[in-house]
Amino acid sequence: MTSGRLWARMNELPRRAAAQLSERDVPASPGVYAWYRNAEAVYSGRATGRKGLRTRIWHEQLKTGSDLSYSSFRREVCAHLGVGPTIRSLIRPSVLTAVEVEVVNEWILGCEVAWIECTSATEAERLEQLLHAEWTPSLSRR
Numbered sequence: 210m211t212s213g214r215l216w217a218r219m220n221e222l223p224r225r226a227a228a229q230l231s232e233r234d235v236p237a238s239p240g241v242y243a244w245y246r247n248a249e250a251v252y253s254g255r256a257t258g259r260k261g262l263r264t265r266i267w268h269e270q271l272k273t274g275s276d277l278s279y280s281s282f283r284r285e286v287c288a289h290l291g292v293g294p295t296i297r298s299l300i301r302p303s304v305l306t307a308v309e310v311e312v313v314n315e316w317i318l319g320c321e322v323a324w325i326e327c328t329s330a331t332e333a334e335r336l337e338q339l340l341h342a343e344w345t346p347s348l349s350r351r
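All residue numbers for the sequence shown refer to the working numbering, where the first residue is 210 and numbers rise by one.
Next comes the structure, spelled out in structure tokens:
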């Protein structure tokens, strides 16, 4: 169960259904994000790269290709669903079958995502640390 003022803020943000999200919907700024399944936060992370949230959420986590190795969220979903241990999805490229990857993709498409934009990568890193100090979702490992 999430608790604390930062999680209260995150939980109050509008959530976007993964299946209906477009690349243009996701900002290119740094930030933190949370994935929700059945109204519960299941994973949170930060986006600090050059194209921020857009790259992390759209290109890495919603990417439906067969290689799960670039997204810890996709790897954790894979393990959570019992599709395969994280070690199998860490290999580049992943050694999962098309059917196994489709199970992961479908589960993620049934999720929602929310995010908080930040002004810098440093701010995003700090905000993620503070969120995880309050509570860490079940599929987040940090």
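Ideal placement from N, C-alpha and C gives every residue a C-beta, glycine not left out.
No experiment lies behind these values; they were computed from the predicted model shown.
Residues sharing a beta bridge with residue i, DSSP
i	result
Ala323	Ala243
Glu249	Arg246
DSSP-derived helix/strand/coil call for residue i
i	result
Val235	coil
Gly291	coil
Arg255	strand
Ala226	strand
Ser275	coil
Thr264	helix
Arg214	helix
Val304	coil
Thr331	helix
Arg297	helix
Ser347	coil
Ser280	coil
Cβ neighbours of residue i in the same chain (closer than 6 Å, five flanking residues each side left out)
i	result
Arg246	Cys320
Arg350	none
Thr295	Arg284 and Ala288
Gln338	none
Glu326	Pro236, Ser238 and Gly240
Tyr252	Trp244, Phe282, Pro346, Leu348 and Ser349
Nearest-angstrom beta carbon gap, residue j and residue i [assumed within contact, 8 Å]
i	j	result
Ser298	Ser278	6 Å
Ile266	Val322	6 Å
Leu318	Ala228	4 Å
From the options, residue whose alpha carbon lies closest to that of residue i
i	options	result
Val304	Asp276, Arg233, Asn314 and Thr264	Asp276
Ala248	Lys272, Thr273 and Glu221	Glu221
Gly261	Arg233, Thr273, Glu343 and Ile300	Arg233
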